[in-house]
Amino acid sequence: MCLIGIGDDDTAKDSEYIVNKILSLKVFDDPTTGAMWKKSVKDIEGEILCVSQFTLMAKTIKGAKPDFHKAMTGELSRPLYASLLESMGRAYVPSRIKDGQFGAMMSVSLTNDGPVTLTIDSRKFEYTPVAEPSTKKKPAEDGSTPGTSTPGN
Numbered sequence: 001m002c003l004i005g006i007g008d009d010d011t012a013k014d015s016e017y018i019v020n021k022i023l024s025l026k027v028f029d030d031p032t033t034g035a036m037w038k039k040s041v042k043d044i045e046g047e048i049l050c051v052s053q054f055t056l057m058a059k060t061i062k063g064a065k066p067d068f069h070k071a072m073t074g075e076l077s078r079p080l081y082a083s084l085l086e087s088m089g090r091a092y093v094p095s096r097i098k099d100g101q102f103g104a105m106m107s108v109s110l111t112n113d114g115p116v117t118l119t120i121d122s123r124k125f126e127y128t129p130v131a132e133p134s135t136k137k138k139p140a141e142d143g144s145t146p147g148t149s150t151p152g153n
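For the sequence shown, position 147 (counting from the first letter as 1) is numbered 147 according to UniProt numbering, and the numbering increases by one without interruption.
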């Protein structure tokens, strides 16, 4: 199952990246050897259920309510989502691409086979941990290091 969130600045290029990544990511075991992370959904001839998921775009940094201002409006995201599904069908087997109803309130059940849930983001950012506070003393304006004395002071 792929939950698809569309941001207000997403484009066809983002959609293309997501389609390629979903179809090529090796997340399934090799059925003959049992080796993990060896097969893509295409390799195993699996089906893909795509569900549009507006709430994935929520920002929860500030306040007690999710902020959805970065989510693309339904009117604008509907054609981009439809295009994503069409691209996926062209790159794979159209009958194996399933879809929920865009923008509808749906009851969708997911059985997570193992402790694996992945996030794919087309914006290729890297997580940067917060830097440890520096213990180095900054030089004073006169070039001396605070806490030291210069001759003549």
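Think of the CB as a built atom: it goes at the ideal place given N, C-alpha and C, for glycine as much as any other residue.
Element boundaries [alpha helix (DSSP H), containing residue i]
i, result
"Lys13", "Ala12 to Ser24"
Beta-ladder partner(s) of residue i, from DSSP
i, result
"Phe28", "Lys39"
Three-state class that DSSP yields for residue i in the structure shown
i, result
"Ala71", "strand"
"Gly7", "strand"
First through last residue of the beta strand (DSSP E) which encompasses residue i
i, result
"Lys98", "Ile97 to Asp99"
CB contact below 8 Å: residue i versus chain D
i, result
"Asp121", "Checking the listed chains, one finds no chain D in this structure; it contains a single protein chain."
Contiguous beta strand (DSSP E) assignments of at least 3 residues, all confined to the region 42-66: 48-52
Within the chosen definition, does the region 86-101 reach the region 11-19 through at least 3 CB pairs nearer than 8 Å? yes
Three or more beta-carbon pairs under 8 Å between the region 68-83 and the region 4-14, yes or no? yes
For the region 37-51 against the region 59-67, are there 3 or more C-beta pairs whose distance is under 8 Å? no
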